[in-house]
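The opening position of the sequence shown corresponds to residue 0 in numbering that gives the first Met the number 0, with each subsequent residue numbered one higher. Ideal Cβ placement from N, Cα and C applies to all residues, glycine included. Following: one structure in structure tokens, then a few remarks.
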Amino acid sequence: MIRIGLLGCGNIGHVIAKNRENCQIVALYDQVFSRAQELAGISGGTACSDFDSFVGAEFDYVVEAASVQAARQYGEAALANGKHLILLSVGALADPVFLSNLVETARENGRRVYVPSGAVTGLDNLKVGQISPFRRLLLRTTKSPASLGIQATARQLVFQGKAHECIKEFPRNVNVSIALSLAAGRDADVELYADPSVSRNVHEIEAEGEFGEIYIRVSNVPSPDNPATSYLAALSILTLLRNLDSPLVVGT
Ligand SMILES: NC(=O)c1ccc[n+]([C@@H]2O[C@H](COP(=O)([O-])OP(=O)(O)OC[C@H]3O[C@@H](n4cnc5c(N)ncnc54)[C@H](O)[C@@H]3O)[C@@H](O)[C@H]2O)c1
């Protein structure tokens, strides 16, 4: 049985707490204590009122489903306290200094940092870009204006540029652009559209290289319990946890 600590008890935390299969939630921490208490009631874990008591509990994996700020604030401490780190707020890794410190802390402590596929698919073979660089790598994301926190009455390009710039403007919305960049070994180009006619978050990935061409389109259904969360992102974490100790590893 895998023992985890849940850092962040919001939308994704709820799906994990309700659907966990082969893992035990030992400890929970959220800056809003009542949220940790609520999920402790569902999962049987202990709600912690501060990060130190959370990270001092007996478990092996911190599952971060909080925010880019929380990932930056607590990521290294989690590793330094002997925990592996599963990071959903991947945008934190857009900062090369933070990334390099995090990886070094993981190495020093014999731990690992996991970046789940989250709200997209295809990261497995996009890793070929690390040994055979892509000529082109583009993420085109379309979301409703409300989920981007802006107002728009027609489809509108709200950002065009590099992933590490886009995440600064939209830290809650384009984590996948950083996951994509880390997988492929280069900063992805991003086009971010606000579209009042969409009810789903759509991610399109285009890559070109010596191997040929890739086009992936993911149309994300909201989580059954909470429309603000892409169900795929929560399922992605549950699947990662399910396969962590499997002797059979599928996918690159
Ligand atoms: N990688 C992906 O594909 C992907 C997909 C979806 C969401 N995400 C990211 O996952 C994270 C969680 O998503 P969600 O929909 O569950 O968000 P949410 O807002 O519903 O829940 C986040 C919870 O974390 C808590 N929190 C935030 N900052 C904190 C801090 N510094 N210390 C302690 N607690 C803190 C909040 O109080 C809240 O309860 C977000 O950063 C989101 O952008 C990533």
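| Query | Result |
| --- | --- |
| List the whole-angstrom C-beta distance separating isoleucine 11 from isoleucine 236, where the pair is believed to meet the contact cut-off of C-beta under 8 Å. | 7 Å |
| May I have the straight-line CA-CA distance separating leucine 122 from glycine 43, to the nearest angstrom? | 33 Å |
| What first and last residue would you give for the beta strand (DSSP E) that runs through serine 218? | 211-219 |
| Taking the C-alpha atoms as reference points, what is the distance between glycine 184 and isoleucine 204? | 15 Å |
| Suppose only complete runs of 3+ residues qualify. What are the beta strand (DSSP E) ranges in the region 176-209, listed by chain order? | 188-193, 200-208 |
| Tell me, which residues are paired with lysine 167 by DSSP? | DSSP, once it has assigned bridges, lists no residue as partnering lysine 167. |
| Decide if arginine 110 is buried, meaning its Cβ has at least 16 other Cβ atoms within 10 Å, or exposed. | buried |
| Restricting to Cα atoms, I'd like to know which of Arg19, Leu92, Ser99, Asp49 is closest to aspartate 29. | Asp49 |
| Out of curiosity, what's the CA-to-CA distance linking aspartate 46 and serine 143? | Reading off the sequence shown, one finds alanine at residue 46, where the question assumed aspartate. Cα to Cα, the separation comes out at about 34 Å. |
| Which residues does DSSP list as the beta-bridge partners of alanine 46? | Leu27 |
| Can you list, in chain order, the stretches of the beta strand (DSSP E) that have 3 or more residues and sit fully within the region 73-126? | 83-86 |
| Taking the straight line between their C-alpha atoms, what separation do you get for serine 99 and leucine 38? | 33 Å |
| Based on the DSSP output, what are the partners of phenylalanine 158 in its beta bridges? | Leu191 |
| Below 6 Å, is the gap between the Cβ of alanine 65 and the nearest heavy atom of ligand 1? | yes |
| Taking the beta carbon of lysine 167 as the centre, do at least 16 other beta carbons fall within 10 Å, making it buried, or is it exposed? | exposed |
| So, are the CB atoms of glycine 208 and serine 88 less than 7 Å apart? | no |
| Looking at asparagine 200: is its Cβ nearer than 7 Å to the Cβ of serine 229? | yes |
| Please indicate yes or no: does the CB of asparagine 80 lie closer than 6 Å to some heavy atom of ligand 1? | no |
| Assuming glycine 316 is part of the beta strand (DSSP E), what are its boundary residues? | Since the displayed the chain opens at 0 and closes at 251, residue 316 lies outside it and no answer follows. |
| By DSSP's criteria, glycine 4 is part of a beta bridge. Which residues make up the other side? | Ala26, Val61 |
| At a threshold of 6 Å, does aspartate 29 count as lining ligand 1 (C-beta to nearest heavy atom)? | yes |
| With hydrogens ignored, establish whether the beta-carbon of serine 88 is closer than 6 Å to any heavy atom of ligand 2. | Here the bound small molecules are ligand 1; ligand 2 is not part of this structure. |
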